[in-house]
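To start, the structure itself, in structure tokens.
Numbering (my numbering), first residue to last: 811 to 954.
Structure below.
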């Protein structure tokens, strides 16, 4: 690696990972984020939904903390690795990041499945406004 300044290969790998592009990103609700109060207000959540949001948010933070610790260890253990090792590590790191995204998607979908048709319509409108793909869930229709 005499052709690259020290640290450039690892920088390139991290840059490559951060430049993953999507045709259109997912419209995450934000279960587990620090925006619980905003979610409660915007969607006018019921008490049961508020409890679910809190509990499922805690579950998401716990699950993703485990992945974050594994990712941190992966980066720490490969700080002085060769380009080949860094490339292999980047694939492992991407798997961890994808797992974290899958957790967020799964728990957002779980939360959205508790939404009333009106709440879900609000979610769809907000997603359209920011040009994001909504998470689709079957919504129960009240046929009175």
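The beta-carbon is built from N, C-alpha and C at its ideal position, and this holds for glycine as well.
Query raised in the report: According to the Cβ coordinates, are residue 939 and residue 853 closer than 8 Å?
Result: Going by C-beta atoms, residue 939 is not nearer than 8 Å to residue 853.
**Report entry** For residue 956, the nearest candidate out of 895, 919, 946 and 931 (CA to CA)
**Finding:** Because the chain is modelled from 811 through 954, residue 956 falls outside the range shown and cannot be assessed.
Query raised in the report: Relative to the alpha-carbon of residue 900, which residue among 881, 915 and 916 has its alpha-carbon at the smallest distance?
Result: Selection 881, 915 and 916 evaluated against residue 900 yields 881 as nearest (Cα-Cα).
Query raised in the report: How would you write the range of the alpha helix (DSSP H) that residue 947 sits in, first residue to last?
Result: From DSSP, residue 947 is part of no alpha helix (DSSP H); its letter is neither H nor E.
Query raised in the report: Assuming residue 934 and residue 839 make a contact with CB atoms under 8 Å, what is their CB distance in whole Å?
Result: Not quite, the Cβ-Cβ distance comes to about 12 Å (not below 8 Å), so this is no contact.
Report task. Using beta-carbon positions only, say whether residue 870 and residue 913 come within less than 8 Å of one another. Result -> For the 8 Å CB-CB criterion, residue 870 and residue 913 form a contact.
Query raised in the report: Which word fits residue 883, buried or exposed, when buried means at least 16 other C-beta atoms lie within 10 angstroms of its C-beta?
Result: The Cβ neighbour count for residue 883, taken over all protein chains shown within 10 Å, is under 16; the residue is labelled exposed.
Report task. Could you tell me which of 842, 915, 925 and 851 sits nearest to residue 868, measuring between CA atoms? Result -> For residue 868, the closest alpha carbon among the candidates 842, 915, 925 and 851 is that of 842.
Query raised in the report: Does DSSP put residue 935 in a helix, a strand or coil?
Result: In the three-state scheme derived from DSSP, where H, G and I count as helix and E and B as strand, residue 935 is classed as helix.
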